[in-house]
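Only one structure is covered here, and it is reproduced in the block below.
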Amino acid sequence: MTGLLNGKVALVTGAGSGIGRAIVTAMARAGASVVINDIGVSLSGAGGSAGPADEVRTEIEAFGGKAVISRDTVSEWQAAQRMVQTALDAFGRLDIVVNNAGILRDAFFHKMEPQDWLDVINVHLNGSFFVSRAAAEVFRAQNGGAFVHMTSTSGLIGNLGQANYSAAKMGIIGLSKTIALDMQRYGVRSNCIAPFAWGRMTGNIPTSTPDQLARVENLKQITPEKNAPLAVYLASDAGSEVNGQIFAVRKNEIMLMGQSRPLRAIHSSEEWTPESVRDRAIPALRPSFYPLDRSQDVFAWDPF
Ligand SMILES: NC(=O)c1ccc[n+]([C@@H]2O[C@H](COP(=O)([O-])OP(=O)(O)OC[C@H]3O[C@@H](n4cnc5c(N)ncnc54)[C@H](O)[C@@H]3O)[C@@H](O)[C@H]2O)c1
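Converting from the sequence shown to my numbering requires adding 1477 to each position, the first position being numbered 1.
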């Protein structure tokens, strides 16, 4: 295999299905030796199966790629260290980490169980920390490495019933930015992608009318594979100037997402009081208030 990742070693978490599978396969096609990490759980994180990771390895080996499997969970520190060791044992180095593993436990906030909060934070946010932190030792020692983390517009913009997931995905934004700042001195980069893909995370849209059916047929064109080219680019030396950024990918659209900066400010020569905040500050700031948008309100145009 030859391409932008020739000679590199990539670890992709949650690479047994969906977007992770598409990315790990594209990385192998681009010349990387890959570690396929997956524990083969359901959307909610239940069960566990070797099947998905095995299938991906078979697919990669069929086109001549090099792949090994890691069946460690991202949500434990020791397991994350074993994951990195798997790359070192198999290929002698590690250049790329894609934090992609994920589960969902949606519920309206007023009904969300503490365990659903803890489990989602544990896989997405703590998992991204554990795996990144384990790899950071290697990246620092070799003076180079690239992180690509999957975030979501559910966090960046908002969504109903996903307080746990949105909080985790916004946490990943902060994690990535700080890694970018802290490890820039070692030639290490860290970027985020908010992907879009038809799959089990998005596949519960109603199909009871012909219009809904037609829309779902269109949505199926937003395949997980659409997210892979940007991930490969960001992980490669071609992307060496790109650090601390947030992208979104929706079918054939690639978007650079904003990072929070002050929109308006009001200064007072006197101390603020609650009353003067009410009477002067809020009226001055209100024109820039955001509506209570959900992701689908902002992405109001279809990409097909
Ligand atoms: N599909 C979308 O439209 C979409 C949108 C925004 C963000 N994302 C994010 O992209 C990533 C991939 O999403 P997807 O749609 O491909 O999901 P998916 O459910 O198809 O795949 C997730 C994979 O992660 C694995 N996994 C779960 N917990 C794990 C753990 N503890 N350790 C190792 N592996 C584990 C699962 O076995 C599964 O193979 C997720 O982080 C998700 O939040 C997806």
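Heads up, the beta-carbon is just placed ideally off N, CA and C, and yes, glycines get one too.
Model, not experiment: these values are computed from the prediction.
Under 7 Å between C-beta atoms of residue i and residue j
{"i": "Val-1608", "j": "Asn-1577", "result": "no"}
{"i": "Asp-1572", "j": "Val-1486", "result": "yes"}
{"i": "Pro-1780", "j": "Lys-1697", "result": "no"}
{"i": "Ala-1507", "j": "Val-1726", "result": "no"}
{"i": "Ile-1516", "j": "Arg-1559", "result": "no"}
{"i": "Thr-1630", "j": "Cys-1669", "result": "no"}
{"i": "Gly-1444", "j": "Gly-1484", "result": "With the chain running from 1478 to 1781 in the structure shown, residue 1444 is simply not present."}
{"i": "Ile-1537", "j": "Ala-1499", "result": "no"}
{"i": "Val-1551", "j": "Gly-1604", "result": "yes"}
{"i": "Ala-1523", "j": "Val-1561", "result": "no"}
{"i": "Thr-1597", "j": "Asn-1636", "result": "Note that residue 1597 is Val in the sequence shown, not Thr. No, they are not a contact pair."}
{"i": "Ala-1657", "j": "Gly-1721", "result": "yes"}
{"i": "Leu-1762", "j": "Arg-1741", "result": "yes"}
With 16 other Cβ atoms within 10 Å as the buried cut-off, status of residue i
{"i": "Met-1732", "result": "exposed"}
{"i": "Ser-1765", "result": "exposed"}
{"i": "Ser-1510", "result": "buried"}
{"i": "Phe-1624", "result": "buried"}
{"i": "Thr-1535", "result": "exposed"}
{"i": "Ala-1767", "result": "Residue identity check: residue 1767 is Tyr in the sequence provided, not Ala. By the 10 Å Cβ count, Tyr-1767 comes out exposed."}
{"i": "Ala-1618", "result": "exposed"}
{"i": "Trp-1554", "result": "exposed"}
{"i": "Gly-1528", "result": "exposed"}
{"i": "Pro-1672", "result": "buried"}
{"i": "Arg-1666", "result": "buried"}
{"i": "Gln-1639", "result": "buried"}
{"i": "Asn-1514", "result": "buried"}
{"i": "Ala-1712", "result": "buried"}
{"i": "Phe-1586", "result": "exposed"}
{"i": "Ser-1685", "result": "exposed"}
{"i": "Gly-1541", "result": "exposed"}
Simplified DSSP assignment, three categories, for residue i
{"i": "Ser-1772", "result": "helix"}
{"i": "Gly-1495", "result": "helix"}
{"i": "Ile-1500", "result": "helix"}
{"i": "Pro-1706", "result": "helix"}
{"i": "Arg-1741", "result": "coil"}
{"i": "Gln-1639", "result": "strand"}
{"i": "Glu-1730", "result": "strand"}
{"i": "Gln-1719", "result": "The sequence shown places Val at residue 1719, rather than the Gln named in the question. Residue state, collapsed to three classes: coil."}
Ligand 1 heavy atom lying under 6 Å from the CB of residue i
{"i": "Ala-1564", "result": "no"}
{"i": "Ala-1578", "result": "yes"}
{"i": "Ser-1550", "result": "In the sequence on display, residue 1550 carries Thr and not Ser. Within the cutoff, so yes."}
{"i": "Leu-1540", "result": "First, the residue type needs correcting, since residue 1540 is Phe and not Leu in the sequence shown. Because no heavy atom of ligand 1 lies under 6 Å away, the Cβ of Phe-1540 does not count as near it: no."}
{"i": "Thr-1679", "result": "yes"}
{"i": "Ile-1516", "result": "yes"}
{"i": "Met-1732", "result": "no"}
{"i": "Ile-1656", "result": "no"}
{"i": "Phe-1673", "result": "yes"}
{"i": "Gly-1495", "result": "yes"}
{"i": "Met-1627", "result": "yes"}
{"i": "Gly-1632", "result": "no"}
{"i": "Val-1545", "result": "no"}
{"i": "Gly-1676", "result": "yes"}
{"i": "Val-1600", "result": "yes"}
{"i": "Gly-1480", "result": "no"}
For residue j and residue i, believed in contact at Cβ under 8 Å, the rounded distance
{"i": "Gly-1676", "j": "Pro-1706", "result": "About 18 Å separates the two Cβ atoms, so there is no contact after all."}
{"i": "Gly-1579", "j": "Val-1600", "result": "6 Å"}
{"i": "Gly-1493", "j": "Ala-1530", "result": "4 Å"}
{"i": "Ala-1564", "j": "Val-1512", "result": "5 Å"}
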